[in-house]
Each structure stands twice: as C-alpha cells, then as structure tokens.
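Working notes for the structure below.
Chains as they are written, first to last, in the working numbering: chain A, 15 to 289; chain B, 15 to 289; chain C, 15 to 289; chain D, 16 to 271; chain E, 16 to 271; chain F, 16 to 271.
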C-alpha cells in the first residue's frame, strides 16, 4: 500500500495545522462542525435493508442480509448482528485489494461496538425459538468514496440500514422455521440510536469530523459513541495522547453534539412502512 | 509466472502467421484438422472412473470420485457433478505452483459448461432419496503435459471419465444410505455426448485445435460445445474480436466437426461393463 | 527467513566439528550427555493439562484443550489426540511469522508419531459412547526459547502435559453428553511413556542432544522413540546419510538412554491428584 | 438451516398478454441510467442503473504495476477487478472474491482491451475496479458497459466505446436483455459485447440450447438492442462535456 | 457438540461481605509479578504474571524491515504482534491469528509509539512479539505493560515507561483491574494506558454504559492504580541493574 | 454423510497358504515398471508403476530461484514438490496441498540431496515436481525412486542413483514392499532409501513396534530388495541410451 502519511507533504501538514490553530479549516468549517450528511435509505433492492450515506464526499453504502441459525449455547434466546466493512480500491488509491486490512477491521469494530453496547439492536427480538432458531443479521458496509472520517459515516449508514430493515417473520413449527407471511421491521429491532462521533488531534488542537487531509496529517483520533445520556463506547487510535481533562471535555461535547445530530438526521423517518 | 506471450519471439509469430495465411501449419495439418486423440480409460485404480487422454502431445489424466451429500434445497432430487482442473507445474514451465490460476479456472469452467448445458449428466439419476441423499461427483482433471488446446482434450477426458464410471449403488433405508451391492455405471448417468471444439484466431485467420506455439501467438480463441443438432455453449477468450459472420460460420462448422469426431472417437466403447 | 545455515560462519563450523572429534562440546558435555531437563507441570490455569519444560535453554510450554466430537466411522470407539507445534518468533530471530513452516510441522509430527505408535494415549478410554461421542484432545506446543533440539524437549513437554491432564468426565444420556461431576486424569489416559531421543551427525561424528550451534552446523539428525523394550518410531532429517551399523548402534543406545531418562525424570510424579 | 423464503422461480416467464413478467416486450430493454465522473478519487468513473442492477466503475491509470512482475516492458496491462457486494444478491455472498468474480474480471478485461492502445503505455497498468452494489441479471454486461464509460471519463484514448448486453431464450422465445429471473429460469443466456470501431464481437458466452437459426436471430436482435444502449452511453458523455463547457463559459462570463 | 462444561458466569460479582469474587476490594489490584531479560534470543524481553494472566514479550530491533516496502525512509517503524496460545482461554482458540489479535496488536503499537524516538531510526523496525500463554482478563493491558518493560530491557531510548490496566463497572459498582469473569459478566470495561512522560492517555477504549460522573471517577481510580503498577515496573528494572551491578562487582572482586 | 462403502481392512494379511493377500512371498516385490523422458516440457522426467502406484516426476533446472530470497549464494538448492491427485486415494483428497504432502516433499529433498553436487550451481535451483496419480502404499519411496531417475534423465551429475522402498511388519511377520492395505493394517512401516555411492541410508522413517533383532533383520531385507529395484532403474536408463544410440546410428546410416 502507499504510505498514507507521505501523501501529504510537510508543507501541507504545516499549513493545515496552522489553519486549525486559527480555528480555520480548508472547507470553511469551524472546529466543531460536521460536514453535511446525505442519506438515501433502501438503496439496494436485493438487501433486506440498506442505506447510501454521504458525509461530505465520504460515501458508504451499507446493506443488510440475514440468515437463520442456531443460537450460541450461552445466549439461547438471542439473535446475532454482525458488522463488516470493506474499503474497496474503487474508493481511493490509498486502499489496496486483498483481505481486510487494519483500517477496515477498525471501521467495522468501532461501528459494531457503538451499536452493541448501547442496546441498539434488541437481540432478544431476533429469537424465533429459544435454543433452536434465531436471526443472524449481516450489516455490511462498502466504502464507495473515501474523504476522511469513515467511522461517523459508517455509524449513520449502519444505523439507517437497521432502521430501514424489513425481514420475513419466521415462526417455529416444532421442527423447522416457516414464514408467517408477515414482516419484521427496523422499528421492531432497533431500540436506542447511538451515534459515534470522531475527533482528530494535531499537536494540542482537537477538532470534529476530520476530512481526508486532516486525517492524514493528524496524530490520532478518538471516536466516542453515545446515546441521549450515556457514553457507550470510546476508541482512541493513532499515536496522539490525550490528557485526562481533554477526555472529559470530549465526552461532554459528544453528548451535546450527539443530541443535536440525532434531532437533525431524524433517522426514524427511514423506517420501513409495509406491515 | 513467465510472461507467456514472450516465450515466442516476434519472428516466430510472423512465421506462424504467414504459414497460417498459406493454410500451412508446422505439423502439416490443414486449418480445420485436429491432432490425434489417444484415449486410455480406467487408468486410475483408486478412482471410480478415469481416463488418460492425449490430443497430440497435450495430455490430461482425469479421475472421478464421489461422495454422498444432502441435495440443494431448490433441487431436492438432483445430484451434483463438479469439474475441477489443475495445471500442475510438471506439465509445463509456464505453469506455476499455487492456487488455481485463471487458466485452470477457465479450463474447468468451459468443460463444465459444455457438459452441464447439454444435459450430458442426468443429475436426477444421481438422486438416492429426494431431499435426503444424492451423489456428488468430483471430476478432477490433471494436466500432465501442455502443448496447447487443453479445453478440447479436457472435454474428451471428462466425458470418457464419466462414461467409464462405476459407482456403488446406494439405497435409502429410511435413515441412512446403504449399499445395494450393485453398481451404477456411466451408461446410467450420461445422456448426451457434447463435444467442445476450440478455434484460434490470428489477425483474420481462424483455425481448429491450436497447438502450443499457435496458442501463444494467437489473439484469441473461441470454444463451441455442441450435441448432434444444437449449440450448447460458447466461450470466447483473449482479445481477438469476431465478426457476426465468423461466429455463424464457426457454429456451423462445430456441428459438422463434432458429428465426425463423435463417430471417430466412439466414446461409448469405454463404458464400464460389470453389472 | 534468515538462511539458518549462514548464521554460523565457516570458522565456527570447523571449530565445533574439531571439538566434537575430540569428544569435547562447548558446554562441557560428553558426546552422549543430555543438557538438564526442568519441568513445571500445570503451568497454565486455562488448560486442562500443561507443562513448561526446558532442555538447557530450549523451552516449550505445552497445553491441552479438549472438545467432544463424533468418532471417525472406522474407529467408532476411539477418541483422538492431535499434536500441534508453533515456533513463534519470540523464541528466536530464526523463526518467522506466518503459517506453520516445515520445522514446526516436523516437530509436531515426530512428537506425535513417538506417542501414537507406542500406545501411549489409550484412545479407547477417550470414548464416551461408541459411534456417538469421544474426546478430542489438542496438545499444542509453543516454543518459547529455541536453543536446539526442540524434538526431545517437545516430547517430554507433550508427555508431561498428558500426564498432568484432568478432564471433566462425560457420560452419554442417550441424546447428549453430560458431566458426571467427576474427572478423568492423565493416569487414566496414558499407558506407555515413550521418549524421543535425538542425535546429530557432522561428517562421521554422532552425538546426543544437539544444542543450537551444533544443530545449525550438523549435516543431519535422527530421532528415535522408544518404550522400555521396543523402538516405536524413527525419523531421519537433513542430508546426512547413516550406515546400517550406525543405525543399529543408535537404536541400541536409545533404549539404554531412554531407560535412564525415564527413571531420572520420573514423569508420573506430575499426575493430577484430585479425583 | 433453510432460509425462511426460498429464491423460487415462476413456472412461466410470460404473462397472458404476451408481455414478459416485468411488462416488457421481447425486444425491449429495461430502463437504463448512466452517470460519469461520480467518484472523486478515481482518474475516471461511471455509474449505471440497469433494471435493478446498480454498478460503480472506477479507473486508475496509467500507473505503476503492483506487483511489479506483472508489468510488461513493451506495453501497458489492463487489469479488471469485478466484485459483488455481499448484499447485492438473494443469498448473502461471502465477502472474499470467488472464482466466478475472478473469471468475470478476466472476461471483461479481454473484452475491453481491443479498444485500448496499450502499446502506447509500456510498463504501466490501467486498473478498473467494478463494484456491483445491487444485482439483477446481466451484471457482467452492465459492468462492461459502465467500465467502458469510466475509461472514456478518464480521458484514455479509445478506438470506440464497448457495449454489452445479454440476450437469450425464455419459455422457448428469443428475448433481449434478460432480467435476473429470466437469466435463472430461462433456457439460454448469451452475453455479448460489441466493439463499435469494427462492429465486431469482443465478448461472447453462451449457455443453453439453440439451433443455428435461433442463434442467427438472437445475434441480430442483440446488435439492434446494443445500438440503443450505445446511444445512452454517448449521450451520457456528451452531457458531461456540455456541463464542463457550460462551467467554462460561466467562468469566462464571470471574468468579464 | 456442546462442551461438557459451559463457560458460565455467576449472577453476582460481589460477595455478601462486599468483596469481589476473588476477595479483592473495589480498588485493589490482582497480584502482579514481573521479570525482565527472560528470553535469551531476544534483544529485550519481559514476563508478567498478573492474576492468572501469563504473558511473554520479546523485542527485536532496530533491524531490517521485512517486507521491505513497510519501511519508512524518515523514521523507524514499530510493529507489534500480539498472539494468544490456543490453550490460554476457556474454548480452544484457533491457531491462526484472528482479527481480534490483529486489532489488539495495532492498538498496543499506537499506545507504545509515543514514548519512542522512532525518528532516530530511519528505515528500520522494532518488532515486539507478545505471547499470551494464559489469559484471565485484561490481556491487552498486561501486554502493553510487559511490552514496555521489554523495550526498556532492550536498552531502547524511551521517554518513559507505559502502564496499562482495565477499569470498569460490575454490578453497578466502579472497580479497578477487571478479572476475566468481571470483564465478561460486568457492565463496562475501560482499558487505559498512561505515558508517564506527559501523564497522558495513549490507549483508551471503552465499552459499556456510563454517565459523565462515573467516567470521571473511574478515570481517577485508573490513574491511582496505574501508579502502583508503575512502581512494580520500575522496581523490576532496578532489580535487574542491581543484579548486573553485583555481577560486575563480583567479577571485579574475582579479579583482585 | 458416510460413504456407501467404507475403506475397511481385512483381519488377516496372510492367506492360508502363507502368501500375502496379493499372492506375494514375504520378500517379494510388487511388479515395477519404469520409463524415462516421458514429459516433453521438463528437463528430465520419469514415470513409475509400482503395484497400483502410478507416479510422474519432472525435473527443471538448474534455473532461477523463485522467490529469489530462497536462493543461496554459495550453492544450488533442491526443491521437491510432492503432490497427490485428488482421485489417487480412497477418499477424495482436498485439492490444496496438505501438511503431509509438504512434509514428504521435504523428506524426499533431504534424501536426494546427498547424491547431487549442489555446490557447483550457486544461486540456482533444481525443482522436482512429483505427481501421484494413483496411490497404493509406499508412495514416498516410489516417488524418491522415480525422482532419482528423472534427475538422471535430465543429465544432472549425480554420485549415484537413490532407491527407496518400505519394509515392515504385518501380522507379526517381517515383509518387504508393503502394499497399501499392508501399510494401513500392518503393525510397522519402515520407509528407507539407499544412496548407492556410499551404501548408506538417506531416508529412514519408522512407525510401529520392533525390538532390536527385528529391526536388524528388516534392514537387511530392505537392502536386498533395494538392489533388485536398483537394477530396474539402471536398465531403464540403459534402454534410453540404447534407443538414443540407435537413433543416432540410424541417422548416420541415413546419411550414408
């Protein structure tokens, strides 16, 4: 792979940093502004749920497929929801072909943890018959264009996909699963709406939603997932270090920004309607 | 791997092409002549069917193994016949070690499609008990020497292998498959005898059964499978383009050549006899 | 990987060889002396059996895990014991990351064969219910430090691990395996105590228990497993050749050295006691 | 375990009124929509919606070849990577590219190479990445068609565009542009690509069962239908140039 | 088939006397034992026993980078390979390294890099191999802690040691140093690492459910506990130097 | 699901008349047939039928080493790739080479290397590809024997040929040249190879159960039997040179 860090020259690095110090960003945003989110739900006819989400020029198309499987023995009445990410080379010359690399593992894991620990997907509702049959959901994210901050874009993409989902409803006939003829929708599955919010850090400057050049020059990032009142997941990456006070400040900010974003995006509008 | 195209020098390319234009080939064949086929059935004692087939110096040894499996849900009363090809490095310095490359995938696929779409293997006869147990046949081709036109050699090799097959006959005892003591032979399985016929194209010259130097210099190939009256499969490969008239001419020729070859090879003579 | 043979210079090779000719070794041992064995059983709390074994500076930590599986159809009343080895890069700059290489396959196979053919693990005692459920034991060796002669160290490590084992005892309730509440220990599983003994050969000099420099310069090695009275396994490796008389002499010596070592190590002291 | 709903096919592929299940006549194409210059990070890109197919193509190059031993000293190489998203099909596809994807990649490369001047780019590679986001029959043809647009969008010299579509036989009738269901439940499927600079066929596959007369007819139908698709391709490129033209004029206007 | 004994968790994680299941108070660490210079073939090495965790770390470098394209012309690279032995966990782990192991490797590398002067070692690599022989909760933190010791043992210039531990919430109570059972059955888990040269946080992960006040408290607890672990690290290194010192003195004595 | 017919072994491996199941005496070899120069694209090749074993060997070299880092500056390397066809055994083998095949490849390489002068070929490789088309016990020995012929056919300087066979114990009796069924159902199996230039053993493996006296006897039997196989190897090469000689003479005759 190209050495990502070398795509940006030392001059650019200085320029970006100096601008950030002056609280100026190349695209005119303030330090705590998001780029624009654009959401198209149900983009993929073959999927049981899907969303095409852009954050600025970063674009992720996510789809949901399902299977019926036997539950894990230690969670006999819970379904499973897995998140996968593919950073395909179409999206950037920085991505290479081959098995998932560290960056795609990170994207999937951070989005997954933001969802998992917020009691977002009600896995007990994905149970058809305890110990016998549960839904296994596959939420697969494909990065179509990469312009920085995949995580926040992926978080909204995965969440919208789940909300838009519509699965055939199964019941246990004593031996096998059969279709009731009805459907099971995102409204039945999704409980909380956790949002993951990512900040970059260069030297001692912290800013929201890094775009690609900012991501390439920054020392590190921190992604904080939260519901209305609680922090549910944190992931620091890169070699930046954060002071204890900075962490507290960012947790605080995340609750605040999350609240606003949750209202602005109004994701429930994308729920499936045919029941 | 070696760059196949560079094995042949520009001078050789010109020489081969000029000869073909004069309808002359290095080994004295006319444009529409096959090299000689040699067939040894039942070459491998450990296999349930096998054939050692040479087309000129190209040699492929194919064997058939079977397993009993559960049928696909959407084809509950049909067995399965899979074709695999290995281009082992023993056969040519052009082949490298490692997982199957494009050329071996192509060989397996073209032979497979020629067989599959001609209703050659009667998959319903490979059913022991609907929804419960069917035969899964593995027809595996090993290229022992490579001197061009693997596909036509492989087609005859796979077909002879199927015809020579002798499988233990199973019956369903309500719970499991047990052996009746009898056998199931190629005669019971094979219906049609589709033959795949390959042509090379250099500039605007088309010719039957390319040998290795011809294959290495040609712009492309086309393989056409047919039964007595019908075309059942076509596969163009390489960067040659064909006019609409050329395609019609070749389809016509394939029926004609196929008829003659089917008679000459008389593959039914290789059927297993012990029932 | 580094070219192992080039780690040792020609001068060192001559020096080691000349010393061996004078029956002198760098660490003061005689030609037929072992380095010291140190054994710590039950090193790993998470494993059902384990041993930390050093032979001089060579150190292998082995653990045993189990699973319950269906027996092989041709051995319906026998459990399975598999041996695996990992030569992790922590143990030596000579080891590289990646899938198991030839050396780790060799270590696992030679230790496995020494155990398997000596009727060491009584696989029939690993049967819970014929045709239904048997124990599958995984004995996994991790090389922690590599200073030559992994095989003899691994042999003692695997054997001690088996002796120290303590598995929950299962019984068949007609449908599934349930725990009796009791345990199954190494004493119930292990029958014979085969020891594998390895010799190096440089030119025409043969010596016991090669250390790392000796292993790197020697032409080949031979590992001989034996019980009290019988030879149960031999494996020659490397490009040394042995005369027929040398083989006879070494088989003889192996019975002799094995007897002494079996007494000195007194492996039965490490058996699990809680029944 | 069996999925709740099986991917089953209807017994008949024509309605009582003689129309196909999706309401089309035998020689009618599904709705097709194309866009170019849709992916900012690629040297050229295009997007196609063809029935329910949704496919992106991105072109990079000429650029260095990785791994290096795949480069050729006397010409450029064309590498195509056709992939399907896991969720683009009825049963979730495994994430790793399978044999089918590799085979189709090779076929598309062979089919596009005749229109390129690779001899002008020794030692370099053109790489085309194709991602099928939603699949509904004929993805290899739609991919070829959109990849040819992406090459044009990248400004790479070409002898002509390439247009591909699948024709075939369903319920005994010859039709053009097989839908997913027609592809699976029909009797014959013939993907074909035409290189317009010489009016010849650069991709041809066939699986099924046809006599010579049927083949003759269906090839003619294919060419007629391809001409309609070609027109859409050309207009998509024209629209792009018109819009660029307008931008330039607007800027000039602004300068005045 | 189901294993005979399931890996089940108790309903309560506190005893009646208010102690945790292993008898600890909320802010009490498990027993920790460290050693350095334990693997003769490495440039630096260390071993830690932390509760039932048993972990080895070996450092090699600065050395050539394989494969070469991973090297950087202007600085050294730090590569961490965290692996778990198959038998180190309740259900046997598959031998090949999984995604989790690769992710943790990356996290540990990011967490250690701030204390190194990689700009002084252009074109080379430091490689840290970590092998978890026995696992009981908090392996990523114990691995970070022991890897930092192994770096020091290798004599590599460092701004400071790094200390990591996991704090969290079990049965609604905030505790430090989660055990394996507390990690699995608890409500929140927060691994954290501190780079002592700037008193900042170089690893921070969190999964669970906490309000801001809880987070504030638990971070404070984490720092206090980390200071105790740091002391053990420093003493382990001191002991090594003292013993080297003694050896030298003994030798000198012998010379007299 | 269980295969219809299991791969079962008889209870006794001797007939009432004292002969082995295939009619052989204890010290009798199975029929052996060899050919050289059978694969036109290799630098040297050979084919062996030994009982029901059918094995091809092809030698390429000296040639460049891929990947390059496996080459040695001061000597050539010998690489052996032993593979079994999927259909060569009772239960279909998976297509990808397994651990057993890699292990046997290494053993055969070690066993053949002593007869080569690799120090004369620095930086290059000899590669031997062995394909077992039909297997019936003793394939590693038959492969070694046929590979040694292929090396000679390639005209590579050798100190001597190498001959290998398996001896063993079945139903308590020592026998030579174990068949497939004897290998699986017998008590002991001892593959051995002899390098004739020094009359020493270059491959020796043993699995089973023998006391010293038995081992002594069986090694003697092995050597006697190997001498018979060696004769066949030599005659196969002689026949080739005679036929070349004749061709040359015929050509000369033609010239007259």
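For glycine and all other residues, C-beta sits at the position ideal for the given N, C-alpha and C.
ask   = Just the Cα atoms here: how many angstroms apart are residue 177 (chain C) and residue 92 (chain C)?
value = On the third chain, position 163 is the one that residue 177 (chain C) refers to. On the third chain, position 78 is the one that residue 92 (chain C) refers to. Distance between the alpha carbons of residue 177 (chain C) and residue 92 (chain C) is about 19 Å.
request  = Give me the Cα-Cα distance between residue 55 (chain C) and residue 275 (chain A), rounded to the nearest whole angstrom.
outcome  = Against the third chain, residue 55 (chain C) aligns to sequence position 41. Against the first chain, residue 275 (chain A) aligns to sequence position 261. Answer to the nearest angstrom: the Cα atoms are 58 Å apart.
Residue 193 (chain C) - partner residues in DSSP beta bridges = Counted from its first residue, the third chain places residue 193 (chain C) at position 179. Per DSSP, C:184.
inquiry  = Going by DSSP, what residue range makes up the beta strand (DSSP E) through residue 149 (chain B)?
reply    = As a working note, residue 149 (chain B) is residue 135 in the second chain. It spans 147-159 - the beta strand (DSSP E) in which residue 149 (chain B) sits, taken as one unbroken run.
request  = Can you tell me which of the three DSSP states residue 166 (chain D) falls into?
outcome  = As a working note, residue 166 (chain D) is residue 151 in the fourth chain. Of the three classes helix, strand and coil, the one that applies to residue 166 (chain D) here is helix, per DSSP.
request  = Tell me residue 80 (chain A)'s beta-bridge partners as DSSP assigns them.
outcome  = Here residue 80 (chain A) refers to the residue found at position 66 of the first chain. Beta-bridge pairing links residue 80 (chain A) to A:151.
ask   = So is residue 40 (chain B) in contact with chain D if we call contact Cβ pairs under 8 Å?
value = Within the second chain, the letter at position 26 stands for residue 40 (chain B). False, the Cβ-Cβ gap to chain D never drops below 8 Å.
task = Look at the alpha carbon of residue 4 (chain E) and the alpha carbon of residue 193 (chain E), and state the distance between them as a whole number of angstroms.
result = Residue 4 (chain E) cannot be examined here, being either before or after the span of chain E that is shown, 16 to 271.
message = Mapping the DSSP letters down to three states, classify residue 55 (chain A) as helix, strand or coil.
response = Residue numbering aside, residue 55 (chain A) sits at position 41 when the first chain is read from its first letter. Strand.
query = Which value, in whole angstroms, describes the spacing of the CA atoms of residue 58 (chain C) and residue 160 (chain E)?
reply = By one-based count along the third chain, residue 58 (chain C) stands at place 44. By one-based count along the fifth chain, residue 160 (chain E) stands at place 145. Spanning the two alpha carbons is a distance of roughly 20 Å.
Own chain partners of residue 219 (chain D) with C-beta closer than 6 Å, once the 5 adjacent residues on each side are dropped = Position 204 of the fourth chain, counting from 1, holds the residue named residue 219 (chain D). Cβ within range, chain order: 207.
key: Where residue 54 (chain F) meets chain B, residues with beta-carbon distance less than 8 Å   = Along the sixth chain, read from residue 1 onward, the residue named residue 54 (chain F) stands at position 39. Neighbours of residue 54 (chain F) on chain B, chain order: 104, 105, 158, 159.
ask   = Name the chain B residues whose beta carbon is nearer than 8 Å to that of residue 146 (chain F)?
value = Position 131 of the sixth chain holds residue 146 (chain F). Result: 102, 104, 156, 158.
request  = Using a Cβ cut-off of 8 Å, pull out every chain A residue sitting near residue 21 (chain E), in sequence order please.
outcome  = For the purposes of this step, residue 21 (chain E) is identified with residue 6 of the fifth chain, where counting begins at 1. Against chain A, the beta carbon of residue 21 (chain E) has neighbours under 8 Å at 87, 88, listed in chain order.
key: Selected residue, minimal CA-CA separation from residue 50 (chain A), among A:231, A:180, A:216, A:222   = Residue mapping note: residue 50 (chain A) aligns to position 36 of the first chain, counting from 1. Looking at the Cα atoms, A:222 is the closest of the given residues.
query = Under a CB-based cut-off of 8 Å, is residue 118 (chain A) close to chain D?
reply = In the first chain, residue 118 (chain A) corresponds to position 104, counting from 1. So no, residue 118 (chain A) is outside the interface.
request  = Give a yes or no on contact between the stretch 51-69 of chain F and the stretch 221-239 of chain F, applying the rule of three or more CB pairs nearer than 8 Å.
outcome  = no
task = Please report how far the alpha carbon of residue 68 (chain F) lies from the alpha carbon of residue 126 (chain B), in whole angstroms.
result = By 1-based counting over the sixth chain, the position of residue 68 (chain F) is 53. By 1-based counting over the second chain, the position of residue 126 (chain B) is 112. About 29 Å.
For residue 86 (chain B), the three-state DSSP class (helix, strand or coil) = Taking the second chain and counting its residues from 1, the one referred to as residue 86 (chain B) is at position 72. Coil, per DSSP.
key: Sequence-distant residues of its chain with Cβ nearer than 7 Å to residue 88 (chain E) (five each side left out)   = Residue 88 (chain E) sits at position 73 when you count from the first residue of the fifth chain. The residues are 137, 138.
key: Rounded separation between residue 35 (chain F) and residue 200 (chain F) - CA only   = As a working mapping, residue 35 (chain F) is identified with position 20 in the sixth chain. As a working mapping, residue 200 (chain F) is identified with position 185 in the sixth chain. Those two C-alpha atoms are separated by around 13 Å.
message = Along the chain, where does the beta strand (DSSP E) containing residue 141 (chain C) start, and where does it finish?
response = Within the third chain, the letter at position 127 stands for residue 141 (chain C). Per DSSP, residue 141 (chain C) belongs to the beta strand (DSSP E) from 141-143.
message = Buried or exposed for residue 38 (chain B), going by 16 or more other Cβ atoms inside 10 Å?
response = The residue you call residue 38 (chain B) lines up with position 24 of the second chain. By the 10 Å Cβ count, residue 38 (chain B) comes out exposed.
ask   = By the criterion of Cβ-Cβ separation under 8 Å, what are the contact partners of residue 59 (chain C) in chain E?
value = Counting from one through the third chain, the residue named residue 59 (chain C) turns up at place 45. Simply 67, 149, 151.
task = Check whether the stretch 267-286 of chain B touches the stretch 192-209 of chain B, counting contact only when three or more Cβ pairs, one atom from each stretch, lie closer than 8 Å.
result = yes
Whole-angstrom distance between residue 170 (chain A) and residue 200 (chain B), CA atom to CA atom = Sequence index remark: in the second chain, residue 200 (chain B) carries index 186 (1-based). Sequence index remark: in the first chain, residue 170 (chain A) carries index 156 (1-based). Cα to Cα, the separation comes out at about 58 Å.
task = With a 10 Å radius around its C-beta and 16 neighbouring C-beta atoms as the bar for buried, classify residue 265 (chain E) as buried or exposed.
result = Taking the fifth chain and counting its residues from 1, the one referred to as residue 265 (chain E) is at position 250. Exposed.
key: Buried versus exposed call for residue 159 (chain C) [16 or more other C-beta atoms within 10 Å across all chains shown]   = Residue 159 (chain C) sits at position 145 when you count from the first residue of the third chain. By the neighbour-count definition (other C-beta atoms within 10 Å, threshold 16), residue 159 (chain C) is a buried residue.
query = Any idea what DSSP makes of residue 35 (chain F), helix, strand or coil?
reply = Taking the sixth chain and counting its residues from 1, one reaches residue 35 (chain F) at position 20. In the structure shown, residue 35 (chain F) sits in a strand (DSSP, three-state: E or B).
task = Check whether the Cβ atoms of residue 176 (chain D) and residue 162 (chain D) lie closer than 8 Å to each other.
result = Translated into positions along the fourth chain, residue 176 (chain D) becomes position 161. Translated into positions along the fourth chain, residue 162 (chain D) becomes position 147. Going by C-beta atoms, residue 176 (chain D) is not nearer than 8 Å to residue 162 (chain D).
request  = Would you check if the distance between the CB atom of residue 217 (chain F) and the CB atom of residue 212 (chain C) is smaller than 8 Å?
outcome  = To locate residue 217 (chain F), count along the sixth chain from 1; it is residue 202. To locate residue 212 (chain C), count along the third chain from 1; it is residue 198. Taking C-beta atoms as the reference points, residue 217 (chain F) and residue 212 (chain C) fail to come closer than 8 Å.
query = When you compare only the Cα positions, how much space is there between residue 240 (chain E) and residue 212 (chain E)?
reply = Residue 240 (chain E) sits at position 225 when you count from the first residue of the fifth chain. Residue 212 (chain E) sits at position 197 when you count from the first residue of the fifth chain. Those two C-alpha atoms are separated by around 17 Å.
ask   = Within 10 angstroms of its Cβ, does residue 258 (chain E) collect 16 or more other Cβ (buried), or is it exposed?
value = Taking the first residue of the fifth chain as 1, we reach residue 258 (chain E) at position 243. Around the CB of residue 258 (chain E), fewer than 16 other CB atoms lie within 10 Å, so the residue is classed as exposed.
query = Going by the beta-carbon positions, is the gap between residue 184 (chain D) and residue 223 (chain D) smaller than 8 Å?
reply = Residue mapping note: residue 184 (chain D) aligns to position 169 of the fourth chain, counting from 1. Residue mapping note: residue 223 (chain D) aligns to position 208 of the fourth chain, counting from 1. Against a cut-off of 8 Å, the Cβ pair of residue 223 (chain D) and residue 184 (chain D) comes out as a contact.
C-alpha gap between residue 18 (chain A) and residue 25 (chain D), whole angstroms = Here residue 18 (chain A) corresponds to residue number 4 of the first chain, with the count starting at 1. Here residue 25 (chain D) corresponds to residue number 10 of the fourth chain, with the count starting at 1. Any reading at residue 18 (chain A) needs caution, since the residue's pLDDT is 45, under 50, leaving its predicted position unreliable; the model's value is listed next. Rounded to whole angstroms, residue 18 (chain A) to residue 25 (chain D) spans 51 Å at the Cα level.
request  = For residue 65 (chain A), name the three-state secondary structure that DSSP assigns.
outcome  = Locating residue 65 (chain A) in the first chain gives position 51, where the first residue counts as 1. Strand at residue 65 (chain A).
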